[in-house]
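Asks: Structure provided below as C-alpha cells; questions to follow.
Numbering (my numbering), first residue to last: 84 to 1040.
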C-alpha cells in the first residue's frame, strides 16, 4: 500500500514526544537557559566520541562550572549516562538515533535545533584550552628510554592516570573540530576572528607540538599528527591573504616529514621522540626552531648534529621476509599496499610506516602485481599461482574466490577507472578482463603478443588498454571489443617490463630490459623524442606523476630516477638507498611522494617535494634564471628562466607560490612587477610580452606581439598604465598595460639590439642602452627621441638606470667604464668612472652615491655621484670576480655577489664587511639585490652548464 502525500510529509511520531520533553525542560523564552542548552547540546552531538559529563565540563572555556550538569540533568529521557550512579564519568549518548535526527533537523526541532558548527567551534576552543594548560614534557611519566613501550609493565594503567580523558580527546580530535568550523569552498576571509585562530595555531605548533606528538605516540595515534598538518595546510591555503603565515605552513610541511621518518620510532618507544627524532631535525627547518622553543638547556644538547635537509627517503617499511615485487598507494595517499615473493600482501600506514593489520594470505606463489580500486575499498592482486584475488582493503579479507582463467603466471593487474573491471596480463601471452564485482571473465582473452605479457594498464577514460610484453613490443587495445588498435609500438631492443598511460591519456611510457625508457604518442603510436637512457641495467617499473609532468622509474641498478615528461631530461640525481634491485615504483596521489619496492625486502617512501628553508636555493626552474625582481612590498620574488617559465616565490621562506607561469615558447629574458604588485610583465626570446595576474598566476589577455626579435628588457611605468620593452630588433615599444595594445609606432634609432630600458621616476621619459654603444632618451608620450644619442662608451651598453630624482642617468658597459649623464642635456658629467670591467652599477636611494662591481680585480667601489670621486678605498674581501652589487633601500648597506660563490654585506659608510660571507651557493653568484623592506637580499647563482641558476633569499639583519 502506498503512502499518500499528507502522510508522507507528516513528521515522525516520536517528534511530538521529543517536543514535550524539551518544552518541559526548557522555556524557549528564557534566553539564558536556551543559550546554555544550545551550547552544551551542540558539543554533545558534535563530539567525535561520546564524552562523559565530567570530561565535557573540563572542556568548557566560557560557561559556569555547573552548566553541563544543569543542562543535561533534564535530558535523562533522551540521553543515557546522565542519571547513572557514576554519571559524571559515564559517556553521554542519545537513547536512539531518532533523537539525533530530530535535533539536527531545523524544520522538525524548531527552537530546539542544534547547530553542529557551533559545537565544533566550542570543542576546538576547549581542546586548545586543555592542551595549553596540560601539555608538558614527559606526559606519560616514563622512567626510562631504554625499553620499548610494549615492554613497560602496566603501561595502560600508568597512562590512565597521567593522561586525563580530556587531554586524550583534545589531542586526538581538535583538528577535525577546527576543520569542521569552516564550511567555505571559495576561500576564507582573513578576518580578525580568523587571525585570532591562526595565533592559537601558531602558539600551539610553535610551543606545544612536541608534547602533543608525545601524547599521540603513547596513544599509538601518531598518524593524527600527519592528518592535522595536512588539514592545517589546507586551511592556510584557503585563506585569501595567507602570505603572512608562511612560517606556520613551513612548520606543517616539516611535521609531515618528521612523522614520516620518526613516527614508527615514536610509537615504539616514545622517549625517542626526544632522543632519536630531535637530533635529526634539519637545522634550517622551521621545526628545529619549534623544538628549541620547547626544550630546556639539557635537552637542547641533542641539537649538536649539523643536518641541513630532510632526507629524500623518509620511511623504510620492513616486514616481508622475501623480495618486494609490487607496491601501490591508495587513492587518498594514506596507505601503501605491497606484494612479495613470500606470497603475502601487506598494508602500511603511508605516514608512519606502521603495518596495518596482519598480512593478507591466500596466494600459493609469488605476488607479482597489486592495485587499489579507485575508491580505495578493494585491492586486486595477481600471482605466479595463475590466479587473481580481490581483497577488502579495510579488513584484509578475501572477497570471493580466486579469479581463474590464465594458464600461466599472472604478471600484472589493474582496475578500470570506474572500478567495475579488472585487466590482467599473463605469461600465457594473453590479456583478460574481469567483472570486478562477480569475478567472472568478460569476453575472450586478448591475443596478439608472441611472448609473456609483463604489464597492463587502463587508459584514464577506461576505453583503451595498453600492454607491454617480453616480445619487445607495446600494444594498445579497445577495452570493450578486445581488438588491437593499430600495430604494435616497436622500438625497444629487448623485452618491455612496464607500461603506463599519462593522466590525460595522450602518452604512454614504457621501461625495458634494454635499460631505456620511451615515451609514445597514445593516438599515433609514434615514439616521442629519443629514449631516456641513464641507466646501466633493466628498467623494472615506470609511472607518470598525477599531473603528467614527471615520470618515475625503478631499475635493477638499485636506483630510482625522476624525469621531465616533456623534455625527457633527468630531474636531479637518482634516488639511492636500496641495496638491491628496485622492482616497483609509484607516485602518491598528490605527486609529492614516491614509493618503491625492492629485492632487498624493503619498501621506501621518498619525499620529492620538500620546501627549502630560508637561505637555501629556491629550486624549481630547469634551466638558467635570467631575471629576478622583488614585489613592491618585498614579500614575493619573481624569476624568469630559459626553461620558458616564470615562478613566484615567497621572499621569506623561499617556497614556490603556486605552479610555474607557462605560456612563452622560448626562454624568458626579463620580468617585472607592476607598481601595485598585482601584475607581472615578462619578455621572452619568443619575441612576445605577456602580462600575468600576480595572485592567480593566470595570463591576462593574449601575448603582446610586435617585436621582430627576442625581447630583452621590460618595465612598467610608475603609474602602472604602460609597459616599455626593448628588443634585439633594435627597437623599443610602448604598450597599454590594460588593453595590451601598442601605443604608437616603435621607437627606432638604435643601430643594434637594445639591452636595457627604464622609465624615469615621473614616467615622462624612457632611457635605453644598446649594443651599438649608445644610450638614448625618449619622450614616453610621443615616442620621439629627445636629442641625439649619448655617445661615449666604446663597447656595448649593458645596463641603464635613472637616478631617483630623474636628473641623471647611469650606464655600465663592457668597455670597463661607468658613465653618468645629465638626463636633461644628454651630456656626460665630466669624466667616466674607469678602471673596472663593470658588471653592475646602482645609485644609492638618495642619488648621492654610485656603487659598482669589478669583474677582474675582485673589488667593489663607491663613488660620489656629484664629484665623481672615489669614496675611500675599494671594498676588498671577495676571492673572485664580483658580478653584482646594489644598495639596501635605506642606503646604509651594500650587498655583493661573486664568482667565489659567496654573498657579502657591507656597511656603506665605513665600507667594512658586516659579518661573515653568506656561503650558501654551491656555484658562482651573478646577481644580488635587497628587498624593498631592507630585510632580505636575493641572489642569482650561475652553475656549471648542466646546472640550473638558483635564487637565494637571505635574512641580512
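Positions of the beta carbon are idealized from the N, C-alpha and C atoms, including for glycine. Just so we're clear, the structure is a prediction, and the values are computed from it rather than from any experiment.
1. With contact counted as at least three CB pairs below 8 angstroms, one residue from each stretch, are the segment 100-110 and the segment 220-230 in contact?
2. Please report the distance separating the alpha-carbon of residue 439 from that of residue 313.
3. Roughly how many angstroms lie between the CA atoms of residue 95 and residue 214, to the nearest whole one?
4. In the DSSP assignment, what are the bridge partners of residue 946?
5. Note the first and the last residue of the continuous alpha helix (DSSP H) segment covering residue 100.
6. Assign residue 353 to one of three DSSP states: helix, strand, or coil.
7. Which whole-angstrom value describes the C-beta separation of residue 287 and residue 211, a residue pair presumed to lie in contact below a C-beta threshold of 8 angstroms?
8. For residue 249, which residues from the same chain have a beta carbon less than 6 angstroms from its beta carbon, with the 5 sequence-adjacent residues on both sides left out?
9. May I ask which residues mark the beginning and end of the beta strand (DSSP E) holding residue 658?
10. Which of the three DSSP states, helix, strand or coil, is assigned to residue 840?
11. Does the Cβ of residue 429 have 16 or more other Cβ atoms within 10 Å, making it buried, or fewer, making it exposed?
12. According to DSSP, is residue 874 helix, strand or coil?
13. Between residue 339 and the rest of its own chain, which residues show a CB-CB distance below 8 angstroms, the 5 nearest in sequence each way excluded?
14. Could you check what DSSP says for residue 564 in three-state terms: helix, strand or coil?
15. Go to residue 128, then tell me how far its alpha helix (DSSP H) extends in each direction, as first and last residue.
16. Take residue 759 as the anchor and find which of 671, 768, 778 has the nearest alpha-carbon.
17. In terms of DSSP beta bridges, what is residue 883 paired with?
18. Would you tell me roughly how many angstroms separate the C-alpha atoms of residue 1033 and residue 393, rounded to the nearest one?
19. Would residue 791 be called buried (16 or more neighbouring beta carbons within 10 Å of its own) or exposed?
20. Is the CB of residue 689 under 9 angstroms away from at least one CB in chain B?
21. DSSP state of residue 336, grouped into three classes?
22. Who are the near neighbours of residue 86 in its chain, counting only those whose CB is closer than 8 angstroms to its CB and skipping five residues on each side?
23. What does DSSP give as the partner residues of residue 602 in its beta bridges?
24. Name, in chain order, the residues that DSSP records as bridge partners for residue 454.
25. Assuming the contact rule is C-beta atoms closer than 8 angstroms, residue 740 and residue 754 should be a hit. Round their C-beta distance to whole Å, please.
26. Can you list, in chain order, the stretches of the beta strand (DSSP E) that have 3 or more residues and sit fully within the segment 219-267?
27. Can you tell me the Cα-Cα spacing of residue 533 and residue 561, whole angstroms?
28. Does the beta-carbon distance from residue 592 to residue 539 come in below 9 angstroms?
29. So for residue 48, helix, strand or coil by DSSP?
30. Under a Cβ-count criterion, where at least 16 other Cβ atoms within 10 Å of its own Cβ denotes burial, should residue 770 be classed as buried or exposed?
31. Pull up the distance between the alpha-carbon of residue 991 and that of residue 801, whole angstroms please.
32. Hey, how far is the Cα of residue 219 from the Cα of residue 459?
33. In three-state terms, what does DSSP make of residue 816?
34. Is residue 346 helix, strand or coil by DSSP?
35. What is the rounded straight-line gap between the Cα of residue 367 and the Cα of residue 730?
36. Would you please state the rounded distance, in angstroms, between the beta carbons of residue 255 and residue 307? I believe it to be under 8 angstroms.
Replies: Taking the geometry as given:
1. Short answer: they don't touch.
2. Taking the chain shown and counting its residues from 1, the one referred to as residue 439 is at position 356. Taking the chain shown and counting its residues from 1, the one referred to as residue 313 is at position 230. If I take the Cα positions, the gap works out to 21 angstroms.
3. One-based indexing of the chain shown puts residue 95 at position 12. One-based indexing of the chain shown puts residue 214 at position 131. The straight-line gap from Cα to Cα measures roughly 42 angstroms.
4. Reading the chain shown from its first residue, position 863 is the one you call residue 946. Partner(s): 933, 953.
5. Taking the chain shown and counting its residues from 1, the one referred to as residue 100 is at position 17. Residue 100 -> alpha helix (DSSP H) spans 97-108.
6. Working through the chain shown from its first residue, we reach residue 353 at position 270. DSSP places residue 353 outside both helix and strand once states are collapsed to three, so it counts as coil.
7. For the purposes of this step, residue 287 is taken as the residue at position 204 of the chain shown. For the purposes of this step, residue 211 is taken as the residue at position 128 of the chain shown. For residue 287 against residue 211, the beta-carbon gap comes to about 7 angstroms, under 8 angstroms, which counts as contact.
8. For this step, residue 249 is matched to residue 166 along the chain shown. Only 138, 141, 142, 213 meet the Cβ criterion.
9. Indexing the chain shown from 1 puts residue 658 at position 575. For residue 658, there is no enclosing beta strand (DSSP E), since its DSSP letter is neither H nor E.
10. Locating residue 840 in the chain shown gives position 757, where the first residue counts as 1. In this structure, residue 840 counts as strand in the three-state DSSP scheme.
11. Stepping through the chain shown from its first residue, residue 429 is reached at position 346. By the neighbour-count rule (16 or more Cβ atoms within 10 Å), residue 429 is buried.
12. In the chain shown, the residue the question calls residue 874 occupies position 791. In this structure, residue 874 counts as coil in the three-state DSSP scheme.
13. If you number the chain shown from 1, residue 339 lands on position 256. The beta carbon of residue 339 sits closer than 8 angstroms to the beta carbons of 309, 312, 313, 434 from its chain, once the five residues preceding and following it are set aside; these are given in chain order.
14. Position 481 of the chain shown, counted from the start, is the residue given in the question as residue 564. Three-state result, residue 564: coil.
15. Here residue 128 refers to the residue found at position 45 of the chain shown. 114-129 is the span of the alpha helix (DSSP H), which, as asked, contains residue 128.
16. As a position in the chain shown, residue 759 is number 676, starting the count at 1. Taking only the C-alpha atoms, the option nearest residue 759 is 778.
17. Taking the chain shown and counting its residues from 1, the one referred to as residue 883 is at position 800. Answer is 894, bridged to residue 883.
18. On the chain shown, residue 1033 is found 950 positions in, with the first residue counted as 1. On the chain shown, residue 393 is found 310 positions in, with the first residue counted as 1. Because residue 1033 carries a pLDDT of 31, less than 50, the predicted location of this residue cannot be relied on, and the following value inherits that uncertainty. C-alpha separation (whole angstroms): 19 angstroms.
19. Along the chain shown, read from residue 1 onward, the residue named residue 791 stands at position 708. Counting the other CB atoms within 10 Å of its CB gives residue 791 a total below 16, which places it among the exposed residues.
20. Given the protein chain composition of this structure (a single chain), no chain B is represented.
21. Counting from one through the chain shown, the residue named residue 336 turns up at place 253. Helix, per DSSP.
22. Translated into the one-based positions of the chain shown, residue 86 becomes position 3. In this predicted model, residue 86 has a pLDDT of only 39, less than 50, meaning its place in the structure is not dependable; the value taken from the coordinates is given anyway. Correct list: empty, nothing qualifies.
23. On the chain shown, residue 602 is found 519 positions in, with the first residue counted as 1. Its beta-bridge partners are 592.
24. Taking the chain shown and counting its residues from 1, one reaches residue 454 at position 371. For residue 454, which the question treats as bridged, DSSP gives the partners 463.
25. For this step, residue 740 is matched to residue 657 along the chain shown. For this step, residue 754 is matched to residue 671 along the chain shown. About 14 angstroms separates the beta carbon of residue 740 from that of residue 754, a gap too long to meet the 8 angstroms contact definition.
26. You should have found no qualifying run.
27. Working through the chain shown from its first residue, we reach residue 533 at position 450. Working through the chain shown from its first residue, we reach residue 561 at position 478. About 19 angstroms.
28. Position 509 of the chain shown holds residue 592. Position 456 of the chain shown holds residue 539. Not closer than 9 angstroms, so no.
29. Because residue 48 is not part of the residues shown, which for the chain are 84 to 1040, the question remains open.
30. Taking the chain shown and counting its residues from 1, the one referred to as residue 770 is at position 687. Residue 770 should be labelled buried.
31. Indexing the chain shown from 1 puts residue 991 at position 908. Indexing the chain shown from 1 puts residue 801 at position 718. In this model, residue 991 and residue 801 are separated by some 28 angstroms (Cα to Cα).
32. For this step, residue 219 is matched to residue 136 along the chain shown. For this step, residue 459 is matched to residue 376 along the chain shown. So the alpha carbons of these two residues sit roughly 38 angstroms apart.
33. If you number the chain shown from 1, residue 816 lands on position 733. Residue 816: strand per DSSP, three-state reduction.
34. For the purposes of this step, residue 346 is taken as the residue at position 263 of the chain shown. In the structure shown, residue 346 sits in a helix (DSSP, three-state: H, G or I).
35. Taking the chain shown and counting its residues from 1, the one referred to as residue 367 is at position 284. Taking the chain shown and counting its residues from 1, the one referred to as residue 730 is at position 647. Just so you know, the alpha carbons of residue 367 and residue 730 end up roughly 23 angstroms apart.
36. Position 172 of the chain shown, counted from the start, is the residue given in the question as residue 255. Position 224 of the chain shown, counted from the start, is the residue given in the question as residue 307. With 8 angstroms as the limit, residue 255 and residue 307 qualify as a contact, their Cβ atoms being about 6 angstroms apart.
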